[in-house]
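Protein chains in written order, with our numbering: chain A, 1 to 449; chain B, 450 to 898; chain C, 899 to 1347; chain D, 1348 to 1796.
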């Protein structure tokens, strides 16, 4: 009941039982072709094997029962495939799964699934990058309170906030590209990683298999070396962290007392069963949920790396559901952030109004910075700090307190103070930073077409 | 495809979509009864509401789509239930979900699921306790190498090892009992926890509801106070840790080079797709997989406790799949350990043989302890340490080296040394400890019938 | 540089190098007494051993170097202690560490440290309970917005919020009490857990040792069964989760735009290096930091439970710094929450003002509940939902919109509506719930004196 | 007492209090130079500021107390530095920390520490790579049992095992190189990230600062975007996973019943307090301890990424001790693996002997592979599986059973069977794979000089 909320259809399908099975069957079909090319099995049997390598032909419930006693999914798959091929051509059945071990089929199938999932993530991070770029551009001059430790600190622009989100996403896109090069790789080693069952033709089969599946051929089989799959997890963990940060910022902005930016509502989205006025930040909740879960799931993948000798006991098993879950939750969170950013409602008026609620305190640093060249940084800080305290106690505007302090008026006139207390005049290089991020993004070669 | 391997059918069913839905519907039916008893809704509508509170009447796919936009499972459930009741009796539909909030239904439903899951775990830990007690009793005098840091250290009995497992499981059974008292509780507070929508009858309804469902009435609603559910997670986390320890011990004992104890094989269980001679420790793998995953899942439940104000944002959502997963994996691991222990094949001959492979080194402490009263603890340690080094270098039995050392022979004769080097003579109070554990277990009031 | 910020002095001292060493030395002294009582070593040597069992006599740097090659802290401690005793009385040196193994000293020492740390936590949770009870009592009728999903939902009282915090802390106090009974236990088993080096006097020594140290004697040694220490971790993990929840609520209340409650400031506390007006929620930050860290540290303790045979390899080592860190961070977070709650500044006026900013929306449920008995729950919900939308669009008060809706005015007059929109009239049983929590707390037997 | 065991001196020093302080002071000194270059502060004051930027001049205890009330380490550092500079030159004191915020100093200081720590890790991974290459080369033809699920599976060479370790370490070295490019970056943004306090000269100062410190200038300040520091954590997490795998393999090989490879002993290393014959795998324990702890610590860094607005509350604080701890534990584990591999004692005779203990079963796949072209893969598997069962039951060599099976003898003669059952004849492409890894390593440009 929660799949549609937490996950995208595309990635759920990739990691469904059928998806998992098809990954292994793609391996088996490609293996038959490669072994035939290497002259190890008759060319004539290939088509009969290939034609049975379609997930929809199999009874997944039966395979699940088989997995229960075999301890993995490949053994019942190979048995069922062999039986199907045998029914078609008894001779062909003799050549199914030639020279491979269960983990070869499982890991290579996983790699095909991961490649497909990375395609989805690439497309969605690209869409998010576009949406964030639009947001940053549109609001590059929109003043909003910069907040540190959940307190108003000094004005920034909403575009700068969006540009910060964007720059992080661009870094993640780069990480995802580099990940492909390192993480995706054929798994093919046979029982103990020596390809011994293939005599001296192992490398030929491995080469042909890698080329057929479009997966890089690694230096050597990596059955118990899991840094590749663990790196998929860590890279998505980093991505989800940044998605969580965006969602947290939006959720805080949506608070009743802040009211500056809102995720899109639409058709009953975020309603409450009891409170007719509520519009709950559903997407933010989903993304924050992923950001709470994925770090721990990543730690499972790292813990599971300590695999014994040539094949791990239990730790390998610990990956089987965990990595797909990480991919699914990451993809779900990403899709929600895309929706959130594309449909974000920004209330620039409220943003500007909120900059006034501290009666000038949010520009205390501006005053301090203006006084620092005259009084020194620490002395200026102290003068303004006292004035802030007085402003709060006397419920006056900071400008008025400062306008009566001779240490200040010796250096700043009324007009100076008025100018100082316009947030628009204390935005530093916010716009320039936004432009820099947008420009740098434009220069990047489009990552994939 | 992996559910049957990693989880028990019973607990999977409890936490299935239908199970989750039924939990919420049980709440709604009980709420109708309680509200009628308190005079808030007409007694006459109760039956019409109750009769629709059956999960099999609902379209779970539609509810899932509803959950996607609502952000939780209760809102679409309440809508669908109201529609169903309306079709039966328009008046009755007006009283569905009276005074409750979504989370009341979800959390109380969860509590009903957890209670059922704890019933399964209680039964299976009781079965495991029986099996371990049999094992401990049977092998209370069977010598086996005690191993520390994966090295043979000194002899123990296999019954002592089993008693250690048993004592841990008995502690977990006690924890599970105490957990029920603290963790299970009705959730019923309405929108913000004040039961305001029920006027002054809130407490009456709450009382009746608690009694109806057999759940304790808590001091106050606990929507954003998640220690109860988090403690279910931590308690199962502790249990899984001990299950992992048992599985690790068995897996190490099954090593080709050790060969002392084996999980049951039977009908293709643990076969290899390539290696006809292999009998893989499938149950151990499943249990160790759970022991790798559950700690991190527990950390999610703890992280998720920091829920904002009267209802959390995202962190509450993070619980929804995590706690059921912990229960399911714990139950799966437990069932595998029950199987493993009930069918454990113990090779006492190999255990005894393995005590000889160090040529007496495994009894070095016995020699050292025999010499300590004569030479002092440290001097005795040094004498025996030198002898051990000599035994290894000269590939001789430690007894023979010691038999030629005058510092030793001054105190120990040939017969003394022979007696010292019988493992059976250096088992300390192993049997007595086993008996103590068994006796203490027998004295415990049977926890539940 | 961060210790004073994140940890209490008391618990840091308990887990300092000196504290760890003293714990082991206390074991050694008690062991000498117990072995003498059992007649295994001469009564005459006891005093000489005891008098050297003081941490301040040892060179901790030298022990650290010893630990580096020995792989644990007990081996160099025993060596150094033996040397010290020997310098005093060569005969006494022969009886140091009689019949024990390194882990006996380390684990029993740890238990003594944990007991001391639990004393500190008991005292501080008691203080927190008092402070929260005062807060709950004082503000039992102070209206404040109840917030769900970070949105105003419906009014509650601030006392109810405090009572929710209090009830959680009371549950944790109960958990801490029960933890002592289960977790604290003597460790004494010798090399492989059979006490073989003590001949048939092992149980006598164990009994005497347990009595001497005031630690329960367990069924059997638990060198590789770590549920006891892991449960200390999980129990503190639960506590820290609730502390984080309190800190999060306070931090959100301190937001510039909310301004309802504040942790105490005082003497430069929470100042900013650049922003003179800032008062950062330092305590909240510390507590939330602990709540981010401790869950993962707990998962380490759970992962580490899978210890091999009679002594774990690496996983035992993983506990050594982790459990002390959990205790220290928990104690630091607790002390900050005590400070925070004891000195909390509550702005009841701002709380009341904030209830007005939604122009009546926060009382939408009140309207809906008042209409439900007339229109049915769902229809009432729809009518009010429409009115909410209109109120937002037309920027009017919800009361005014409803006052013009004939479906509403058919049932509610102007005075009814006015009454409905007073938050004070929609607090349900908030006060009664507060009273219940306070009363239940008063009834509890004071946990320890 | 455990630092020397778990951490390297070099990395401990980098992350000591003094190291942390010096990192911030290096930032302050460089800032003074950069601000002077940009004409914002007088060139004349720079030397007076610089000369006070030395950690050894400060009272770390006093700074710790300051951090307790300030909530971070930079505020007391800036105060103390300003006071010191003032004592030297009152005018210069006015320009300390010009335009920066606390986090600028803390994060940039951290980056300098991380760069130094990565230098140590680069050197040690290079050393490990050398040691592993030697091992792989030396034992490229040394037969050893390949083990899957902790069972002997089929022969491999010990060089192939070493080459698998090596290939993983080479991938980590590549990751560490790429990490530098992405993770290291100047932090400089002022209070809210706009550099507003520097007027229009912010970018000039930032540029000069980046150049001075040799840190890349990022697109924009990243105070609340923590993917850079989190990626340091994840990359080291991956490394530690592979180190744990190596340590686990060695520890399993050191088991009394296996005895194939041993970490170096030497001078009391790994002794036992009670068992004179023990040589505990101390380095393996340390590495496995790190592999148990670091994954969870990484999850803290990922969880902490969800930082609010322009500066996080609590989550930022959660990084302060966690990332240094990850670096320290990783470096300690790495140093232990270097020691372990450089000094590894390999017992090739025992490796060969262990290949015989299954009476041919370890070559079952060889038989199966030889029969597959004749009988088909599945039928061959079945024939050999039956023979394996018979061999176990009758306690005979598998070769003898097969030699009496007409389905086998129809295709394989006595000489064929004899040849089949020599492990040396069933090593597949093990040597070629080793050579490939070594060659590929040789071709890599040396990463850093």
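Even glycine gets a Cβ: it sits at the ideal position worked out from N, Cα and C.
Residue 376/A versus residue 422/A: straight-line alpha-carbon distance, rounded
Reading the first chain from its first residue, position 376 is the one you call residue 376/A. Reading the first chain from its first residue, position 422 is the one you call residue 422/A. Approximately 23 angstroms between the Cα atoms of the pair.
Quick check: residue 1198/C and residue 1640/D, are their CB atoms within less than 8 angstroms of each other?
In the third chain, counting from the first residue as 1, residue 1198/C sits at position 300. In the fourth chain, counting from the first residue as 1, residue 1640/D sits at position 293. Cβ distance < 8 angstroms, so residue 1198/C and residue 1640/D count as in contact.
Determine, using beta-carbon pairs with one atom in the segment 552-561 of chain B and one in the segment 632-642 of chain B, whether at least three such pairs fall under 8 angstroms.
yes
Considering only C-alpha positions, which residue in the set 1790/D, 1780/D and 1788/D is nearest to residue 200/A?
Within the first chain, the letter at position 200 stands for residue 200/A. Ranking the options by Cα distance to residue 200/A, first place goes to 1780/D.
Does residue 843/B have its Cβ less than 8 angstroms from a Cβ in chain C?
Here residue 843/B is taken as the residue at index 394 of the second chain, counted from 1. Closer than 8 angstroms: no.
CA-to-CA distance, residue 1467/D to residue 1523/D, given in whole angstroms
Along the fourth chain, one-based indexing puts residue 1523/D at 176. Along the fourth chain, one-based indexing puts residue 1467/D at 120. The alpha-carbon atoms of residue 1523/D and residue 1467/D are separated by roughly 11 angstroms.
Cα-Cα separation, residue 19/A to residue 815/B:
By 1-based counting over the first chain, the position of residue 19/A is 19. By 1-based counting over the second chain, the position of residue 815/B is 366. Roughly 59 angstroms between the two C-alpha positions.
What are the boundary residues of the alpha helix (DSSP H) that residue 1639/D is part of?
For the purposes of this step, residue 1639/D is identified with residue 292 of the fourth chain, where counting begins at 1. Where residue 1639/D is concerned, the enclosing alpha helix (DSSP H) stretches over 1629-1650.
How far does the beta strand (DSSP E) with residue 41/A in it reach, from first residue to last?
Translated into positions along the first chain, residue 41/A becomes position 41. Here residue 41/A belongs to no beta strand (DSSP E), and DSSP marks it neither H nor E.
From residue 1719/D to residue 39/A, what does the alpha carbon distance come to, in whole angstroms?
Here the question's residue 1719/D lines up with position 372 in the fourth chain. Here the question's residue 39/A lines up with position 39 in the first chain. Using only the alpha carbons, I get a separation of about 15 angstroms.
Whole angstroms is fine: what's the gap from residue 1345/C's alpha carbon to residue 1348/D's?
By one-based count along the third chain, residue 1345/C stands at place 447. By one-based count along the fourth chain, residue 1348/D stands at place 1. Annotation note: pLDDT 48 at residue 1345/C (below 50); position unreliable, no value reported.
So with CB distances below 8 angstroms, who are the chain D contacts of residue 156/A?
Locating residue 156/A in the first chain gives position 156, counting from the first residue. Within chain D, the residues near residue 156/A are 1539, 1540, 1541 and 1657.
8 angstroms Cβ cut-off: residues of chain B touching residue 1218/C
Here residue 1218/C refers to the residue found at position 320 when the third chain is read from its first residue. Going along chain B, no residue has its Cβ under 8 angstroms from residue 1218/C, so there is no contact; the nearest lies around 15 angstroms.
Have a look at 1327/C, 1176/C and 1255/C and flag the residue whose alpha-carbon is nearest the alpha-carbon of residue 1448/D.
Residue 1448/D sits at position 101 when you count from the first residue of the fourth chain. Closest by alpha carbon: 1176/C.
How about residue 1256/C: is its C-beta nearer than 8 angstroms to some C-beta of chain A?
Along the third chain, read from residue 1 onward, the residue named residue 1256/C stands at position 358. Output row for residue 1256/C: interface = yes.
Nearest to residue 420/A (by Cα), restricted to the options 50/A, 408/A and 430/A
By one-based count along the first chain, residue 420/A stands at place 420. Among 50/A, 408/A and 430/A, the Cα nearest to that of residue 420/A is on 408/A.
Presumed contact (8 angstroms Cβ cut-off) between residue 931/C and residue 944/C, rounded CB distance:
As a working mapping, residue 931/C is identified with position 33 in the third chain. As a working mapping, residue 944/C is identified with position 46 in the third chain. The Cβ separation is near 6 angstroms, so the contact holds.
Is residue 1144/C helix, strand or coil when you go by DSSP?
Position 246 of the third chain, counted from the start, is the residue given in the question as residue 1144/C. The answer is helix: DSSP assigns residue 1144/C an H, G or I state.
Extent of the continuous beta strand (DSSP E) run through residue 1690/D:
As a position in the fourth chain, residue 1690/D is number 343, starting the count at 1. Counting along the chain, residue 1690/D falls outside any beta strand (DSSP E), and DSSP gives it neither H nor E.
Is the beta carbon of residue 1446/D sitting closer than 8 angstroms to the one on residue 1542/D?
As a working mapping, residue 1446/D is identified with position 99 in the fourth chain. As a working mapping, residue 1542/D is identified with position 195 in the fourth chain. In this structure, residue 1542/D lies closer than 8 angstroms to residue 1446/D by Cβ.
Where residue 423/A sits in the DSSP three-state scheme:
The residue given as residue 423/A occupies position 423 in the first chain. In the structure shown, residue 423/A sits in a helix (DSSP, three-state: H, G or I).
In angstroms with no decimal places, state the Cα-to-Cα distance between residue 332/A and residue 908/C.
Taking the first residue of the first chain as position 1, residue 332/A is located at position 332. Taking the first residue of the third chain as position 1, residue 908/C is located at position 10. Approximately 46 angstroms, taken between the alpha carbons.
At which residues does the alpha helix (DSSP H) containing residue 885/B begin and terminate?
On the second chain, position 436 is the one that residue 885/B refers to. Its alpha helix (DSSP H) spans residues 879-892.
Chain D residues whose Cβ lies nearer than 8 angstroms to that of residue 1333/C
By 1-based counting over the third chain, the position of residue 1333/C is 435. Those do not exist, as residue 1333/C stays about 33 angstroms from chain D at its closest Cβ, beyond 8 angstroms.
Going by the DSSP bridge assignment, what does residue 605/B pair with across the sheet?
Locating residue 605/B in the second chain gives position 156, where the first residue counts as 1. DSSP, once it has assigned bridges, lists 593/B as partnering residue 605/B.
Taking Cβ positions, are residue 257/A and residue 1155/C nearer each other than 8 angstroms?
What you label residue 257/A is simply residue 257 of the first chain in a count that begins at 1. What you label residue 1155/C is simply residue 257 of the third chain in a count that begins at 1. Against a cut-off of 8 angstroms, the Cβ pair of residue 1155/C and residue 257/A comes out as a contact.
Cross-chain neighbours of residue 1070/C in chain A, by beta carbon under 7 angstroms
On the third chain, residue 1070/C is found 172 positions in, with the first residue counted as 1. Ordered by position in chain A, no residue passes the 7 angstroms Cβ test against residue 1070/C, which lies about 22 angstroms from the chain.
Mind checking residue 698/B: buried by the 16 CB within 10 Å criterion, or exposed?
Walking along the second chain from the start, residue 698/B turns up at place 249. Residue 698/B is buried by the Cβ-count criterion.
If I'm right that residue 1425/D touches residue 1396/D with Cβ under 8 angstroms, what's the distance once you round it to whole angstroms?
Numbered from 1 along the fourth chain, position 78 holds the residue referred to as residue 1425/D. Numbered from 1 along the fourth chain, position 49 holds the residue referred to as residue 1396/D. Not quite, the Cβ-Cβ distance comes to about 11 angstroms (not below 8 angstroms), so this is no contact.
Quick one: which residues of the segment 1016-1048 of chain C get their C-beta closer than 8 angstroms to a C-beta of chain A? List them in chain order.
1043, 1045, 1046, 1047 and 1048
Counting only beta-carbon separations shorter than 8 angstroms, does residue 1265/C have a partner in chain B?
Taking the first residue of the third chain as position 1, residue 1265/C is located at position 367. Output row for residue 1265/C: interface = no.
Check the Cβ-Cβ distances between residue 1796/D and every residue of chain C, and say whether any is below 8 angstroms.
Taking the first residue of the fourth chain as position 1, residue 1796/D is located at position 449. Unreliable placement is indicated for residue 1796/D, whose pLDDT of 42 sits below 50; the coordinate value is still reported in the next sentence. No, its Cβ sits nowhere closer than 8 angstroms to a Cβ of chain C.
For residue 277/A and chain C, any beta-carbon pair shorter than 8 angstroms?
Within the first chain, the letter at position 277 stands for residue 277/A. With 8 angstroms as the cut-off, residue 277/A counts as an interface residue toward chain C.
Buried versus exposed, by CB contacts within 10 Å (16 or more), residue 1666/D:
As a working note, residue 1666/D is residue 319 in the fourth chain. So residue 1666/D ends up on the buried side.
Closer than 7 angstroms by beta-carbon distance: list the chain B residues that pair up with residue 1142/C, in chain order.
As a first step, residue 1142/C must be located in the third chain, where it is residue number 244. Within chain B, the residues near residue 1142/C are 754 and 755.
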